[in-house]
Amino acid sequence: MSTPAGAAAATELTPVLTRTQLAVLTAYVALIEELGTDDVPFRLIARRSGVAERTVYRTYPTRTQLLVATAAWVEATAFAREATESVFDVPLTVRETMRAYSERPELAHVAAETPLRAVSDAAAGDEALPAETTHVPRLVREELGTADDERQRHLTAALTHLDSPATWVVLRQELQMEPRDIADAAAWAAEVVLRPSPREGGER
Amino acid sequence: MVQETRDTRSAVLAAACTLLDEVPFDDISYRVLGDTVGVAERTVFRHFPTRAHLLTGVAQRIDTLEMPFAPFRTAAEFRASTRQRFLAFDTAPRKAGVLARSAAVSPVSAPEPDFLTHAVVAVVEHELPGANRRDLRRAAGALRTFAAPLFWAHARTSLGMDGAAAADVLDVVTERVLAALRPAGEHAQSSSSSSSSSSSLPSWPLP
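Protein chains in written order, with numbering that gives the first Met the number 0: chain G, 0 to 203; chain A, 0 to 206.
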């Protein structure tokens, strides 16, 4: 039961799962893509994953906990970011991330919505806090350590938001963009954000 | 009958908004909503077949009635309006969270651009006369995603930033996006305005 399942494309950000967790999450992901997120009964998840319903509940006592685990897992597998060497490669990763979201829209919606449950649901506690899904904060610290703290904070906030399913949702639904244009617009914005402003001439 | 149906629907949404002051959205039950409004739980279900429908309805009410954005025409007004709204979100995080969640979930009906999007598109066209369509769309997309309740929520939950700090990021992004698409040498007409909030928006003559 406690065997770590390293089968999924492993990166340092991939959560380590037990076999049961992997079976449940795999089944739930398939059901979401078939039926949508709403009201997939635990009974159906149990049947699909070949795990007793009681075990599903023991593994993920609430739907919120199940969704939080699912969102973390899809971000680390289906939407895994290639490790980037430099923060200046982020526009390229953003482009790839947006393409991946467009290919699996139902999962992208789950990834977009789930972290927000923490805002309105303090009772969900630490477990509802989103795991770090990108390398951006580290890269900004490492490469732009000379920029002042405020600029670092702004960059981290802007780049992590552009590299997220939230931006994908906005470009798709509000701007009604096609997948190609979503990828282009998000990558372009990341590039613009990374350009040194006229005021800080010294920085690269 | 049609009138009555509409009244029930808006009464349920009003009740849900009031309940949001006390409990998280996920803890609002259809039974309590029915009891509060004085209709059967079944009736509530008829209006909102799934919780996603309820979420969308509540968000629309918050968006239009409770926490609307102040209208804007220029980039400076856009920034001031969004800053004001982000500060308001800080005072009612559950309601703002509902706005963000409803934007994130798989839509219950064919999605259409909202008023905020139309206003952002107009600002971009106003600030970047002569820019091509592709650039206008890119710019509108960038501004719209950082003005979204989703960005306020991201800043708050993953980065621990408050609404003012999130608005600072929007300021920087807006400045850079517009500068990137303005012909070289041309100075921003409105990007140098103060980044602190002002309760009365400056009024700019329409072109």
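Every residue, glycine too, gets a C-beta built ideally from N, C-alpha and C. Small disclaimer: the values here were computed from a predicted structure and weren't measured.
> Roughly how many angstroms separate the alpha carbons of T25 of chain G and S48 of chain G, rounded to a whole number?
Replying inline: 7 Å
> Nearest-angstrom Cα distance between Q64 of chain G and R103 of chain G?
Replying inline: 22 Å
> How about S192 of chain A: is its C-beta nearer than 8 Å to some C-beta of chain G?
Replying inline: Its pLDDT being 41, under 50, S192 of chain A is placed unreliably by the model, and nothing is read from it.
> How about A110 of chain G and P164 of chain G: are their beta carbons less than 8 Å apart?
Replying inline: yes
> How big is the Cα-Cα spacing for T96 of chain G and T4 of chain A?
Replying inline: T96 of chain G and T4 of chain A: Cα-Cα distance of roughly 43 Å.
> How close, in whole Å, do the beta carbons of V122 of chain A and A157 of chain G come, if the pair is a contact with beta carbons under 8 Å?
Replying inline: 19 Å between Cβ atoms; not a contact.
> Can you find a C-beta in chain A that's less than 8 Å from the C-beta of L66 of chain G?
Replying inline: no
>> Less than 8 Å between CB atoms is the rule here; does S189 of chain A satisfy it with respect to chain G?
In response: Low confidence applies to S189 of chain A: its pLDDT is 44, below 50, so where it sits in the model is not reliable, and the reading given next is rough at best. By this cut-off, S189 of chain A is not an interface position.
>> Can you tell me whether F29 of chain A is helix, strand or coil according to DSSP?
In response: The residue asked about is misnamed: residue 29 of chain A is Tyr in this sequence, not Phe. Here Y29 of chain A sits in helix by DSSP.
> G49 of chain G versus chain A: which residues are under 7 Å apart at the beta carbon?
Replying inline: Going along chain A, no residue has its Cβ under 7 Å from G49 of chain G, so there is no contact; the nearest lies around 27 Å.
> When you check each C-beta in the segment 35–48 of chain G against every C-beta of chain A, which residues fall closer than 7 Å?
Replying inline: For the segment 35–48 of chain G, which is checked against every Cβ of chain A, the residues closer than 7 Å are G35, T36, D37, D38.
>> Closest to R175 of chain A by C-alpha separation, out of G:H153, G:A45, G:I181, G:L170, would be which residue?
In response: G:H153
>> Taking 8 Å as the threshold (beta carbon to beta carbon), is V192 of chain G in contact with chain A?
In response: yes
>> Can you tell me where the alpha helix (DSSP H) holding M160 of chain A begins and where it ends?
In response: Careful: M160 of chain A lies outside any alpha helix (DSSP H) and carries neither H nor E.
> Leaving out the 5 sequence neighbours to the left and right, which residues in its chain are closer than 8 Å to T7 of chain A when beta-carbon positions are compared?
Replying inline: V36, V38, T42, H46
>> Using a Cβ-Cβ cutoff of less than 7 Å, which residues in the same chain neighbour T166 of chain G once the five nearest sequence positions on both sides are dropped?
In response: H160, A185
> Do A79 of chain A and V168 of chain G have their CB atoms nearer than 8 Å?
Replying inline: No, they are not a contact pair.
> Taking the C-alpha atoms as reference points, what is the distance between E84 of chain G and G96 of chain A?
Replying inline: 34 Å
>> Can you look up P136 of chain G in the DSSP assignment and give me helix, strand or coil?
In response: helix
> Can you tell which of G:A22, G:A29, G:L91, G:W72 has its C-alpha closest to the C-alpha of T54 of chain G?
Replying inline: G:A22
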